[in-house]
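Q:
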Amino acid sequence: MIQAEDLVKWFGPKLAVDHVSLNVKPGEVLGFLGPNGAGKSTTMRLITGFLPPSEGKIAIGGHDMENDGIAARSLIGYLPENAPAYPEMTVAGFLGFSAEIRGLRGRQKKEAVTHAVEICCLEPVYYQTIETLSKGYLHRTCFAQAILHDPPVLIMDEPTDGLDPNQKHEVRNLIKRMGQQENKAIIISTHILEEVDAVCSRVVIINQGRIVFSGGPDELRTRSRSSGAVTIAVRGVSESDLKESLTALPNVDSVAILAKNDGRIQARAFPARKDGKPDLGTARAVAALLREKNWEFEELHTEKGRLDEVFRAITISETPQKEGAE
Amino acid sequence: MRAVRNIWAVTKRELGSYFSSPVAYVFIIIFLMLSGFFTFMVGNFFARNEASLASFFLWHPWLYLFLVPAAGMRLWAEERRAGTIELLFTMPITVWQTIVGKFLAAWVFLGLALALTFPMVITVIYLGDPDGGAIFTGYLGSFLVAGVYLAISNMTSAMTRNQVVSFITALVLCLFLVLAGWRPVTDMLVNWAPAQLVAAVAAFSIIPHFDSLQRGVIDSRDLTYYFSVIVFALFTTGVILRSRRAS
Ligand SMILES: Nc1ncnc2c1ncn2[C@@H]1O[C@H](COP(=O)(O)OP(=O)(O)O)[C@@H](O)[C@H]1O
Ligand SMILES: [Mg+2]
């Protein structure tokens, strides 16, 4: 549904987007991740046709953005960064205007607006001017504008930015539902990693304009150093003994001591990796060791891996980053 | 059909914006007060002792120099400031539809301000037996001058985020249109510039086209002048908006 091929965007001498390709099918929710200034918003502006790319092609539902922009854009619902809206208009007026530009008139328009207002819980502020809205309502008003015409493609730039935890939860559920049940092709950008687990079926991470990861959330997690690591807590064992025995296991790559108090030691055994994938036999090997040594243990579990860890590893190690480089 | 609906949606929204802020009312009041002041105080409306609106219309190209750029400077600057330009240009609407929609809204607004000077018409009808045709063409000319200035202000508003810069640039460009054919300026040019250049500069002037309408003459050449300047300025607005987005 969304096809972006080899997008490049220069701002003067600055390369903001560097050969980015994205393909999103109906029913997919693509999480677009990256640190601030990575080029997420710029990429979204290219895909929605707001900015022309320096190189590359965009097609929405088969309509080329350059030659058939109106048809392509009519398939998109877009929530730009910071949720812009006409400050002097009322919510009613703003949504009515959006509906009219989307070609909805009369009853269709009324129904579309009512439906969007209901979904976004805007009834209490329907006749209020936008400049008087709280950030949460402002955001949902712009959100309503994006889903009003029931578009098959949704592009949302940090859709939960500035919302309180309950609102965040609602918006995530809404996005998830629109992907799974309404079969829309969705791209959301975020730098909140929990969002990835909550809504995304696929993840693309960009750093300094380049794609540095593309895959499922689980695949991303296995990249984490701690994924597949086995954490144990034992009593009455000396630290050096524990460390040595664990390291001696063929499945274990290295061991870290996490905590030590009153003779209780918590340690983590990091698995050996083959092609970046952790050795899945590690937990069994560690358990066997504990039984064989007859050590008294209080804890034994396998780590799933942490997204923030991978995120940091991918976006910091690949390119030494200069802060504030404009 | 789609184009007309889109333009109308933009025009309606824009007009709504004008009237939801006090600026519109302040603008209309200032316009009415200044036009009255020039007509009666500076233009010696009564001393002329004739039932015509000549002294009323006479000042409009000068009055509009300040008022129209003030009305037009926000057209694109506001859109950029609020970030709504990103919404507008990612909706299924073409750039020229938005330009025309915005232009029409501001022009209708100026037309409304102009229409509110109708007590002037009642006054001259009461005082004497004015030439109705001349009054009509006088209003038409005034409205067209406002349209030309507005198209230019629309263009300068697209150039910059800064409303003051937009205002001043529009004012200078409009002033050029007024002065290009003004006697003191052409007389000054005649002394050192070739005759063709003087003629070329004078051809840009809005005043001759304004004057002939004031005399009650509707000449297709005058109308062509007004509409070509408007179309040119709006076209340039489109070029500017496109190129500014590309960078
Ligand atoms: N209009 C612009 N002109 C110049 N540079 C820009 C412009 N927009 C974005 N940039 C630059 O491009 C880079 C990517 O920005 P952006 O896409 O906003 O990042 P993100 O959304 O991932 O935080 C940044 O370094 C930013 O300074
Ligand atoms: Mg951004």
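Listed in order, the protein sequences are those of chains A and B.
For the first sequence, the working numbering begins at 1 and goes up steadily by one.
For the second sequence, the working numbering begins at 1001 and goes up steadily by one.
In this text, a Cβ means the ideal position worked out from N, Cα and C, and glycines have one as well.
All values reported here derive from a predicted model rather than from experimental measurement.
When you compare only the Cα positions, how much space is there between Pro-320/A and Ile-211/A?
A: Bear in mind that the predicted position of Pro-320/A carries a pLDDT of just 49, short of 50, making it unreliable; the figure below should be weighed with that in mind. Between Pro-320/A and Ile-211/A, the alpha-carbon positions lie close to 15 Å from each other.
Q: Using DSSP with H/G/I as helix, E/B as strand and the rest coil, what is Arg-1215/B?
A: coil
Q: How about Thr-160/A and Ile-192/A: are their beta carbons less than 8 Å apart?
A: yes
Q: Taking only three categories from DSSP, how would you classify Val-8/A?
A: DSSP, read as helix, strand or coil, puts Val-8/A in strand.
Q: Express the C-alpha separation of Ala-1113/B and Ile-1028/B in angstroms, rounding to a whole number.
A: 5 Å
Q: Which residues have a Cβ closer than 6 Å to any heavy atom of ligand 1, listed in chain order?
A: Qualifying residues, in the order they occur: Phe-11/A, Lys-14/A, Ala-16/A, Gly-34/A, Asn-36/A, Gly-37/A, Ala-38/A, Gly-39/A, Lys-40/A, Ser-41/A, Thr-42/A and Glu-326/A.
Q: Out of Lys-57/A, Gly-49/A and Gly-96/A, state which residue places its alpha-carbon closest to the alpha-carbon of Leu-75/A.
A: Distances from the alpha-carbon of Leu-75/A to those of Lys-57/A, Gly-49/A and Gly-96/A put Gly-49/A closest.
Q: Ignore the nearest five residues each way along the sequence and tell me which others in Val-29/A's own chain have a CB closer than 6 Å to its CB.
A: Gly-179, Ile-186, Val-199, Cys-200 and Ser-201
Q: What separation, rounded to the nearest whole angstrom, lies between the Cα atoms of Glu-323/A and Pro-13/A?
A: Confidence in Glu-323/A is poor, its pLDDT being 45 and thus under 50, which makes the residue's placement unreliable; the coordinate value appears in the next sentence. Rounded to the nearest angstrom, the two C-alpha atoms are 18 Å apart.
Q: Can you name, in chain order, every residue of its own chain whose Cβ lies under 6 Å from the Cβ of Asn-183/A, other than the five neighbours on each side?
A: Pro-26 and Gly-27
Q: Is Asp-161/A near ligand 2 - that is, is its Cβ less than 7 Å away from at least one heavy atom of it?
A: no
Q: Can you check whether the CB of Ile-1007/B is closer than 8 Å to the CB of Leu-1087/B?
A: Not in contact: Leu-1087/B and Ile-1007/B (Cβ atoms no closer than 8 Å).
Q: Where do the N-terminal and C-terminal ends of the beta strand (DSSP E) with Met-156/A fall, by residue?
A: 153-157
Q: Going by beta carbon distance, what residues of the same chain come within less than 7 Å of Leu-242/A, once the five residues before and after it are set aside?
A: Val-234, Ile-265 and Ala-267
Q: Whole angstroms are fine: how far does the CA of Gly-305/A sit from the CA of Pro-278/A?
A: 10 Å
Q: Using a Cβ-Cβ cut-off of less than 7 Å, list which residues of the stretch 1062-1079 of chain B approach chain A; keep chain order.
A: none
Q: Thinking C-alpha only, which one of Ser-1166/B, Phe-1235/B and Ala-1170/B is nearest Gln-1097/B?
A: Phe-1235/B
Q: Using beta carbons (cut-off 8 Å, strictly below), is Glu-100/A in contact with chain B?
A: yes
Q: Give a yes or no on whether the minimum CB-CB distance between Ser-1243/B and chain A is below 8 Å.
A: no
Q: Which runs of the beta strand (DSSP E) spanning at least 3 residues fall entirely within the stretch 172-257 of chain A, listed in chain order?
A: 185-190, 202-207, 210-215 and 230-235
Q: In whole angstroms, give me the CA-to-CA distance for Ser-392/A and Tyr-78/A.
A: This structure does not reach residue 392/A, given that chain A is present from 1 up to 326, and the question cannot be answered.
Q: What is the rounded straight-line gap between the Cα of Pro-1022/B and the Cα of Ala-1070/B?
A: 14 Å
Q: Excluding sequence positions up to five away, which residues of its chain have a Cβ less than 8 Å from the Cβ of Leu-46/A?
A: Ala-4, Leu-7, Lys-9, Val-17, Pro-52, Pro-53, Gly-56 and Ile-58
Q: Taking C-beta pairs closer than 9 Å, name the residues in chain B that Tyr-78/A reaches, listed in chain order.
A: Glu-1086, Leu-1087, Thr-1090 and Met-1091
Q: So the candidates are Arg-73/A, Gly-31/A and Thr-222/A; which of them puts its Cα closest to the Cα of Asp-157/A?
A: Gly-31/A
Q: Using a Cβ-Cβ cut-off of less than 8 Å, give me the residues of the stretch 1013-1037 of chain B that come near chain A, in sequence order.
A: Arg-1013, Gly-1016, Ser-1017, Ser-1020 and Ser-1021
Q: Rounded to the nearest angstrom, what separates Thr-247/A and Pro-35/A at their Cα positions?
A: 35 Å
Q: Mapping the DSSP letters down to three states, classify Gln-3/A as helix, strand or coil.
A: strand
Q: If we call anything under 8 Å between Cβ atoms a contact, is Leu-1065/B one with Leu-1241/B?
A: no
Q: Going by DSSP, what residues sit across from Arg-273/A in a beta bridge?
A: Pro-278/A
Q: Can you tell me whether Met-1155/B is buried or exposed, with buried defined as 16 or more other CB within 10 angstroms of its CB?
A: buried
Q: Does the stretch 134-154 of chain A come close enough to the stretch 94-110 of chain A to have 3 or more Cβ pairs within less than 8 Å?
A: yes
Q: Tell me which same chain residues have a C-beta within less than 7 Å of the C-beta of Gly-1072/B, skipping the five on either side of it?
A: Once the five neighbours on either side are set aside, the close Cβ partners of Gly-1072/B are Ala-1106, Leu-1150, Ser-1153, Asn-1154, Ser-1157 and Ala-1170.
Q: Does Ala-1082/B come within less than 8 Å of chain A when only Cβ atoms are used?
A: yes
Q: Tell me, please, which residues DSSP counts as bridged to Asp-1222/B.
A: Per DSSP, none; premise fails for Asp-1222/B.
Q: Is there a Cβ of chain A sitting closer than 8 Å to that of Asn-1006/B, yes or no?
A: yes
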